[in-house]
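Enquirer:
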Amino acid sequence: MAFDYDLFVIGGGSGGVRAARVAAGEHGARVGLAEESRMGGTCVIRGCVPKKLMVFASAYPEAVAEAREYGWDVTAGGFDWARFRTRLEAELDRLEGAYRNTLKNAGVTVHDARAVIVDPHRVRLASGEEFTAKHILVATGGWPFVPDIPGRELAITSNEMFHLPALPRRALVVGGGYIASEFACILNGLGVEVSQYCRGAQILRGFDDEARGHVANAMQANGIAIHCGTDVMRLEKAASGIRAVATDGSEREFDLVLYATGRRPNTAGLGLEGIGITLGRNGEIPVDAYSQTAVPSVFAVGDVTGRINLTPVAIREGHAFADTVFGAKPTTFDHQLVASAVFTQPEMGTVGLSEEAAREREPIEVYATAFRPMRTLFAGKQDRVLMKLIVSRATRKVLGCHIVAPEAGEMIQLAAIAIRMGATKEDFDATCAVHPTMAEELVTMRKPVRTG
Ligand code: NDP
């Protein structure tokens, strides 16, 4: 049977665009791609990219204060949200254009419409147009999840954060994960009075306990009111804002309530169940190591599969899929030792096992140091950096590395290479320090602080 396309991709985010580009541009496949919103997906349009630009914007008051301590006669003045937002929107337009160009140059046909699956080889666009395809790739990502509490319509999600008409005076951030903690810091840096409610005992569950405690302490020292063990029971309209009635008995008013309580795979109404794909508990599409679903012609990559919700992971999964199916090169992506960074202030970079997870697995040594780094110490600040290595007592391999520091994301990328290669603690020790840096502490920690 002759198909309209060799591959039809649903979703123009990180995973879908990479798969489409490689399948068409490198392997000569005839590829169609449908995107119902803006090209670029969560990362480019409403995630990593605009978030990081907001992180940069929010760091200037501290930088200016620091510059004064270094002898500069400067003051921060005011922040013009509207001016920043206009530039941000222009940058997102530029990036969206770049994504479209990449696809065009690779020979991918883009359909600006929602697509649903009709049968294992057929998709239907919102326009009613139908296409057949030998393979279908679902790369529809995720969507913010807001629990069903009374007044939830008064809250916004990270999707809306980049388009606020104005910055609020008082904000409540609900959740303790990546997104909640990052936006708490961004808003705080921009001069907003921030409270963060987190239902757990500490923010950033799943990360190394010492590292997340370190981040939380620093956030609090920077002025964020973190309330752990606290959840919102209901939101109400108040005379001057939104009233949050919380499980700790408090009733506080805010101008903005941001819910960052996780994301769910974007699978509703895609027609997956109709072709025999049973979705997982959170709505994710179960796939094998080659990203193939239970229906052999249908594959899925990225957040929609609920594996690791990170852009570079989706990109690798999309690339591996294209090489496997169209490049005659069966390729899987190894989900072990994926490094990541939380862009709080201070940043946290992490790769491998937390101390707690490693301890469950085998006997370990823990090397850790916390110190005041030169740059901020000179400026009279109390900020402390944390460097931590978890080492296997049996193999001497470094099982995990956790850094809380300015630019920790940049540092962890490099540490991740060594750790992926199986570096031992002795390999770290044998590496000569780069001086004076913060990262040199990673190769100068001589004695374990704990064993277990
Ligand atoms: P996370 O899963 O990281 O965090 C969700 C938070 O919301 C947790 O604190 C969770 O609490 C809490 N929560 C969940 N359900 C409820 C509820 N019903 N009521 C109250 N609180 C609730 O999700 P995010 O939304 O922060 O981020 C989604 C994903 O996006 C992340 O997992 C990450 O992979 C990715 N991401 C990565 C970034 C990066 O690399 N820098 C940045 C942003 C996102 P509890 O811990 O108790 O379950």
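Counting in this note's numbering, the final residue of the sequence shown is number 1058, and the numbers go up one at a time with none missing. All C-beta atoms in this analysis are idealised placements derived from N, C-alpha and C, irrespective of residue type, glycine included. Since the model is a prediction, treat every value here as computed from it, not as a measurement.
Any heavy atom of the ligand NDP closer than 7 Å to the beta-carbon of asparagine 915?
Expert: At least one heavy atom of the ligand NDP is nearer than 7 Å to the Cβ of asparagine 915, so yes.
Enquirer: At which residues does the beta strand (DSSP E) containing glutamine 802 begin and terminate?
Expert: Looking at the DSSP string, the run of the beta strand (DSSP E) that includes glutamine 802 is 799-804.
Enquirer: Taking 7 Å as the cut-off, is the beta-carbon of serine 946 closer than that to any non-hydrogen atom of the ligand NDP?
Expert: Answer for serine 946: yes, Cβ within range of the ligand NDP.
Enquirer: Put lysine 987 into one of helix, strand or coil per three-state DSSP.
Expert: Residue state, collapsed to three classes: coil.
Enquirer: Ignore the nearest five residues each way along the sequence and tell me which others in threonine 917's own chain have a CB closer than 7 Å to its CB.
Expert: The answer, listed in chain order, is Ser620, Cys649 and Cys654.
Enquirer: Considering only the alpha carbon of each residue, which of Arg858, Arg1052 and Met980 lies closest to proline 1042?
Expert: The candidate whose alpha carbon is nearest that of proline 1042 is Met980.
Enquirer: Would you kindly check if the distance between the Cβ of arginine 811 and the Cβ of glycine 781 is under 8 Å?
Expert: Taking 8 Å as the Cβ cut-off, glycine 781 and arginine 811 do not qualify as a contacting pair.
Enquirer: Report all residues from its chain with a CB closer than 6 Å to the CB of glycine 631; omit the five preceding and five following residues, and keep chain order.
Expert: Cβ within range, chain order: Ala712.
Enquirer: How long is the line joining the alpha carbons of threonine 982 and alanine 822, rounded to whole angstroms?
Expert: Cα to Cα, threonine 982 sits roughly 18 Å from alanine 822.
Enquirer: Return the CA-CA distance between proline 656 and alanine 1000, expressed in angstroms with no decimal places.
Expert: When rounded, the distance between both Cα atoms is 44 Å.
Enquirer: Can you check whether the CB of valine 1049 is closer than 8 Å to the CB of threonine 1057?
Expert: Not in contact: threonine 1057 and valine 1049 (Cβ atoms no closer than 8 Å).
Enquirer: With a cut-off of 8 Å on the beta carbons, I'd call glycine 924 and alanine 625 a contact; round off their distance for me.
Expert: With a Cβ gap of about 4 Å, glycine 924 and alanine 625 count as contacting.
Enquirer: In the structure shown, what three-state DSSP assignment does proline 892 receive?
Expert: Note: proline 892 maps to coil in three-state DSSP.
Enquirer: On a Cα-Cα basis, can you pick out the residue from Ala1021, Ala673, Pro952 and Ile723 that is closest to valine 901?
Expert: The option with the nearest alpha carbon to valine 901 is Ile723.
Enquirer: Does the ligand NDP have even one heavy atom less than 7 Å from the beta-carbon of threonine 867?
Expert: Yes; taking the cut-off as 7 Å, the Cβ of threonine 867 has a heavy atom of the ligand NDP nearer than that.
Enquirer: Just the Cα atoms here: how many angstroms apart are glutamine 942 and arginine 990?
Expert: Near 29 Å, if we compare the C-alpha coordinates of arginine 990 and glutamine 942.
Enquirer: Which residues does DSSP pair with cysteine 1007 in a beta bridge?
Expert: DSSP lists Val957 and Leu995 as partners of cysteine 1007.
Enquirer: I'd like the span of the beta strand (DSSP E) that includes serine 946, first residue to last.
Expert: Taken as a continuous stretch (DSSP letters only), the beta strand (DSSP E) holding serine 946 covers 946-948.
Enquirer: DSSP three-state label for threonine 715, please.
Expert: The answer is strand: DSSP assigns threonine 715 an E or B state.
Enquirer: What residues are listed by DSSP as bridge partners for proline 902?
Expert: Paired residues: none, contrary to the question.
Enquirer: Bridge partners for glutamate 971 per DSSP, in chain order?
Expert: Glutamate 971 is bridged to Val997 and Thr1057.
Enquirer: For the beta strand (DSSP E) that contains lysine 843, what are its first and last residues?
Expert: Looking at the DSSP string, the run of the beta strand (DSSP E) that includes lysine 843 is 838-844.
Enquirer: What residues in its chain sit with their C-beta under 7 Å from that of tyrosine 803, if we drop five residues either side in the sequence?
Expert: Result list for tyrosine 803: Leu778, Val780, His833, Thr836, Asp837, Val838 and Ala852, in chain order.
Enquirer: Can you tell which of Met993, Met1027 and Glu1046 has the C-alpha that lies nearest to the C-alpha of proline 1054?
Expert: Among Met993, Met1027 and Glu1046, the Cα nearest to that of proline 1054 belongs to Met993.
Enquirer: Could you check the C-alpha separation between leucine 694 and tryptophan 678 for me, to the nearest Å?
Expert: Each residue's alpha carbon lies about 28 Å from the other.
Enquirer: Should tyrosine 973 be listed as close to the ligand NDP, given that the test is whether its C-beta is under 7 Å from any heavy atom?
Expert: No - the ligand NDP has no heavy atom lying nearer than 7 Å to the Cβ of tyrosine 973.
Enquirer: Would you grab the beta carbon distance between lysine 1003 and glycine 986 for me? Rounded to a whole angstrom, and I think it's under 8 Å.
Expert: Not confirmed; about 40 Å, so no contact.
Enquirer: Are glycine 796 and phenylalanine 685 closer than 8 Å when you measure CB to CB?
Expert: Looking at the sequence provided, one finds leucine at residue 796 rather than glycine. Cβ distance < 8 Å, so leucine 796 and phenylalanine 685 count as in contact.
Enquirer: What's the gap between the Cα of glycine 1015 and the Cα of arginine 840?
Expert: Roughly 36 Å separates the two Cα atoms.
Enquirer: Once the 5 residues before and after glycine 882 are set aside, which same chain residues still bring their CB inside 7 Å of it?
Expert: Answer for glycine 882: Ala900 and Val901, listed in chain order.
Enquirer: Applying the 10 Å Cβ sphere with the 16-neighbour rule, what's the burial state of tyrosine 676?
Expert: Exposed is the call here.
Enquirer: Tell me whether glycine 877 sits in a helix, a strand or coil according to DSSP, three-state version.
Expert: Coil at glycine 877, not helix or strand.
Enquirer: Is the segment 721-738 in contact with the segment 842-856, if contact means three or more CB pairs nearer than 8 Å?
Expert: No contact exists between the segment 721-738 and the segment 842-856.
Enquirer: Among Gly638, Gly748 and Glu668, which one has its Cα closest to the Cα of isoleucine 914?
Expert: Cα-wise, what sits closest to isoleucine 914 is Gly748.
Enquirer: Near tyrosine 784, which residues of its chain fall below 6 Å by C-beta distance, leaving aside the five closest residues on each side in sequence?
Expert: Val948.
Enquirer: Using CA atoms only, rank isn't needed, just tell me which of Arg870, Val904, Ala1021 and Ile1025 is closest to valine 910.
Expert: Checked all of Arg870, Val904, Ala1021 and Ile1025; the closest Cα to valine 910 is Arg870.
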